[in-house]
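Quick mapping for you: the protein sequence lines, in order, are chains A and B.
With the working numbering applied, the first sequence covers 5 to 433.
With the working numbering applied, the second sequence covers 5 to 433.
Protein chains: 2
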Amino acid sequence: MPDRRTERPRAGIAADLSDFCDQAMPAPGTMIGPDAALALVLRKAQTLPARRIPLAEACGLQLAEPVVADRDYPPFSRSMMDGYAVPMADAGRTLKVAGEIAAGEAIAASPLPGECYEIMTGAPCPPGTEAVVPKEEAVRERDCVAIPLVIEPGQHIAPQGSECRRGAIVIERGAAITPLMVAVMASFGRSTISAVPRPSLGAITTGGELAAAGEDPAAAQIRDSNGPMLSAMAVAIGLAPPRTLHADDRLAAIRAALDCVADRDLVVLTGGVSVGAYDLVPEALRQYGAEVVFHKVTQKPGKPLLFARRGPQLVFGLPGNPLACHLCFHRYVAAAARQLAGQPARPPSLPGRLTAAVKAHRLRTFFATARAEPDRAAGGGWLVHPLPGVSSADIFSTCGANCYLEVPPGNEEVPAGSSLPFTWVVDPP
Amino acid sequence: MPDRRTERPRAGIAADLSDFCDQAMPAPGTMIGPDAALALVLRKAQTLPARRIPLAEACGLQLAEPVVADRDYPPFSRSMMDGYAVPMADAGRTLKVAGEIAAGEAIAASPLPGECYEIMTGAPCPPGTEAVVPKEEAVRERDCVAIPLVIEPGQHIAPQGSECRRGAIVIERGAAITPLMVAVMASFGRSTISAVPRPSLGAITTGGELAAAGEDPAAAQIRDSNGPMLSAMAVAIGLAPPRTLHADDRLAAIRAALDCVADRDLVVLTGGVSVGAYDLVPEALRQYGAEVVFHKVTQKPGKPLLFARRGPQLVFGLPGNPLACHLCFHRYVAAAARQLAGQPARPPSLPGRLTAAVKAHRLRTFFATARAEPDRAAGGGWLVHPLPGVSSADIFSTCGANCYLEVPPGNEEVPAGSSLPFTWVVDPP
């Protein structure tokens, strides 16, 4: 789609991923690049069917039906001020105040000649009203009021239907629902709405080295960090906290855990995805009936990434290395989740100017944790400080990262001052 | 603070709001400008006291204690590959495989001379290990394995403590908690953390014209749209859904509703905040014991805005007009909520190029709903399409807005092509 590329050039995660979409699946055992991998994920991520969603949960979702006005708005000619409702002919006259119309009250009949009603903001004007005279512009004495000589026709009245006509489509199908749209839907009596739901997520952590939750780890064990991290990442992109299970390193345990999350739109597993004797995830997925779309991506971290599907369910085998797990969720799982929810899958990548050199990987794209901040000196743009960590699993010196730099493969170091694309992992400062 | 101004110039919601902070409170009845109003709100919004928060709810909060490593990381010398754990002296030799060390298993003793252990990724290296030889680089035959002649000291081993030392501060107090930080905290056994909580919110809708929730409105009634909208806005900025009550236009009802939300950090009321006979909110607040900080702001919409506090509780009287309610929540309540949570109160405003003229208000700052999109032609920046609506209460033709334009007071129209500051009300496209 070269037109789209011209229209909206993007660095980094290229706009031309759709080029990959017509490719055949990679041959078994073939390692693919990170752009091709993302394109394959998005090719399989079909927008979920719309459901009825309570209005209170609709904000941010994609609307799947048009919203139609069930009444005019305002539903009656509405006073915009506290004052007196009069016909134009009463300009300059002194009238008897026949009564008061509070908001929520209706007066069916016009006042008698020589009389008028006091009216409150939000109240319906009585028949025959042509202007509302604000209290402070009228001179009241007991039950009489002097109306100014000069009044404008229609002043301080919102005529019935002036904002919206009954039967009109006020919000088109496909809109991303905002709080103002929630107000519109509430105005028209909607308590539920047809919308594309956010996908449900199941998470399975694997690995014999993980201590049970809440227990002190033995000397050779570590605590699970991927489960809590994935849950936080899911919530951060608007999903409900995932159902999270742990499976030990037995095929039957992983299979059983998969059955427990068979109803989820998305499943992530962590660990067990390489090719060792205990890397049982690929075989467990085969037995579960999932078709592997790709396994292994030329990226660092996260080379062992596996992507499979069973029917509409998308399954990601993420590496156990927590930094790799983080990158793969950020780059692939979150993109799939957004697309399932009918939203643009990929947040744009931005160009950032490096404040320090980064070492590229010879053969793989290196997604380096980094911290971006506004480039004040250059009058715009972003400065990016790489936080590469002491190893590709180091979450301690990298946990302050707010973005990932995308470093293309190469033998050379990318020097300070160079521009590289980055994507936000948390909200920009 | 002129230095900060020089450092980070911002259009619109000015960086020099702190100038207002040393001003006295406005004299009763004085209308103040929107910048002074925001500064007064922020002056009263003290960061909430830290609380113990479950790790699962900590992401996005401000950390109120340093996170200290309770063990080295890795906690043991950890194999990074499936392979064989050997001393350097065994390079080039053929060894007997004495057994296998799976992840999570510890071997206390070194192998006998002439023997080695097969080791899995994530498992602790046995004493005396100086390198791990990947499976694919060793030649195995039954229970013997030939080790290559050339191996590097330390290869494929993450030494104990190489990423982090026990006792080290890994995350400083004050950090905004990211998912990677959640992983770090989980690694060190934290299931709760001291953090600044998000403020709790109570909402009270007032107005006799509102039909009861779920009931069909009578001819002179409208449905409440502010309650659902405020709830959506609260959730969109990360707060829990507010407790929402309705009070009819009686002083006692509003007073009783205020007592029901007395435990909330923030309270918003909608409607009843002008100066008419039924505008009972100011008097109800006085009886409730709240001190009014300001009432009325030279802005459109939202002129009647009232801000009060009772002890640390901040109370906002928002206009009943849904668009005014929306603007006031966006500009004042959300800023207070962020500051209570220890976060930067004001998202930066950006300059946007108008695609159509906007009419300024003669005396008040006009916050116009608008839709911003990337300016592709100009190679950067934002194009902003004003969506002014047919009235200042019109939520129907404005509900697709993604930002507010800030139009300074003036007699002139601001022509298309001009630059005006805007702030996002939903995530940027």
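Think of the CB as a built atom: it goes at the ideal place given N, C-alpha and C, for glycine as much as any other residue.
Those residues which DSSP pairs with residue i across a bridge
| i | result |
| --- | --- |
| S83(A) | I161(A) |
| F426(A) | L354(A) and L409(A) |
| I123(B) | G87(B) and I105(B) |
| A372(A) | L409(A) |
| Y77(A) | C168(A) |
| G206(A) | R247(A) and V271(A) |
| H365(A) | H365(A) is not bridged to any residue. |
| C148(A) | K100(A) and E145(A) |
| Q303(A) | T369(A) |
| I399(B) | DSSP lists no partner for I399(B). |
| V418(A) | V362(A) |
| E377(B) | L387(B) |
| V72(B) | I173(B) |
| A180(B) | Q66(B) |
| I226(B) | L214(B) |
| P128(A) | R82(A) |
Pairwise C-alpha distance: residue j and residue i
| i | j | result |
| --- | --- | --- |
| A294(A) | D267(A) | 14 Å |
| E104(B) | Y88(B) | 9 Å |
| P433(B) | N406(B) | 9 Å |
| L284(B) | D263(B) | 15 Å |
| A95(A) | P128(A) | 20 Å |
| A281(A) | Y292(A) | 19 Å |
| V239(B) | A60(A) | 10 Å |
| A339(A) | F371(A) | 16 Å |
| A185(B) | N325(B) | At residue 185(B) the sequence reads Met, which differs from the Ala that was named. The alpha-carbon atoms of M185(B) and N325(B) are separated by roughly 42 Å. |
| R259(A) | E213(A) | 19 Å |
| G384(A) | P245(A) | 37 Å |
| P232(A) | P79(B) | 20 Å |
| M35(A) | L309(A) | 10 Å |
| L243(B) | L205(B) | 8 Å |
| P131(A) | A102(A) | 14 Å |
| V411(B) | G321(B) | 23 Å |
| I226(B) | L424(B) | 35 Å |
| G393(B) | F311(B) | 27 Å |
| E122(B) | E145(B) | 13 Å |
| N230(A) | G171(A) | 51 Å |
| V90(B) | T133(B) | 5 Å |
| V362(B) | L409(B) | 10 Å |
| R47(B) | H365(A) | 50 Å |
| V418(A) | D76(B) | 32 Å |
| A135(A) | I161(A) | 7 Å |
For residue i, the first and last residue of its enclosing alpha helix (DSSP H)
| i | result |
| --- | --- |
| R47(B) | P38 to K48 |
| E287(A) | V285 to Y292 |
| P326(B) | P326 to C332 |
| R342(A) | A338 to L344 |
N-terminal and C-terminal residue of the beta strand (DSSP E) that residue i is part of
| i | result |
| --- | --- |
| V188(A) | Unbroken run through V188(A) is the alpha helix (DSSP H), P183 to S191; no beta strand (DSSP E). |
| H454(B) | Outside the shown range of chain B, which is 5 to 433, sits residue 454(B), and nothing can be said about it. |
| A62(A) | Taken as a continuous stretch (DSSP letters only), A62(A) belongs to no beta strand (DSSP E), as it is neither H nor E. |
| A312(B) | L310 to R314 |
| I197(A) | T196 to V200 |
| L214(B) | Run containing L214(B): none; DSSP gives neither H nor E here. |
| R55(A) | R55 to P58 |
| P390(B) | W386 to P390 |
| A349(A) | Unbroken run through A349(A): none, as it is neither H nor E. |
| I173(A) | I173 to I175 |
| A135(A) | A135 to P138 |
| F320(B) | Q317 to L322 |
Closer than 7 Å: residue i CB and nearest the ligand NAP heavy atom
| i | result |
| --- | --- |
| P326(B) | With respect to the ligand NAP, the structure offers nothing, as it holds no ligand at all. |
Quick one: which residues of the segment 162-173 of chain A get their C-beta closer than 9 Å to a C-beta of chain B? List them in chain order. A162, S166, E167, C168 and A172
Mind listing, in chain order, the continuous beta strand (DSSP E) runs of no fewer than 3 residues lying wholly within the segment 236-262 of chain A? 247-251
In the segment 109-131 of chain A, which residues sit with their C-beta less than 8 Å from some C-beta in chain B, listed in chain order? E109, A110, M124, T125, G126, A127 and P128
Which of the residues in the segment 325-355 of chain A, read from start to end, lie with their CB under 7 Å from any CB of chain B? P326 and H330
Check distances from the C-beta atoms of the segment 212-229 of chain B to those of chain A and list, in chain order, the residues that come in under 8 Å. G212, E213, L214, G218, D220, P221, A222, A223, A224, Q225, I226, R227, D228 and S229
What residues in the segment 183-200 of chain A bring their beta carbon closer than 9 Å to a beta carbon of chain B? P183, L184, M185, V186, A187, V188, M189, A190, S191, F192, G193 and S195
Could you please tell me which residues of the segment 42-61 of chain A, in chain order, have their CB closer than 8 Å to any CB of chain B? L59 and A60
Against chain B: residues of the segment 75-93 of chain A by CB proximity under 7 Å: Y77, P79, F80 and D86
Using a Cβ cut-off of 8 Å, which residues of the segment 235-249 of chain B contact any Cβ in chain A, in chain order? S235, A236, M237, V239, A240 and P245
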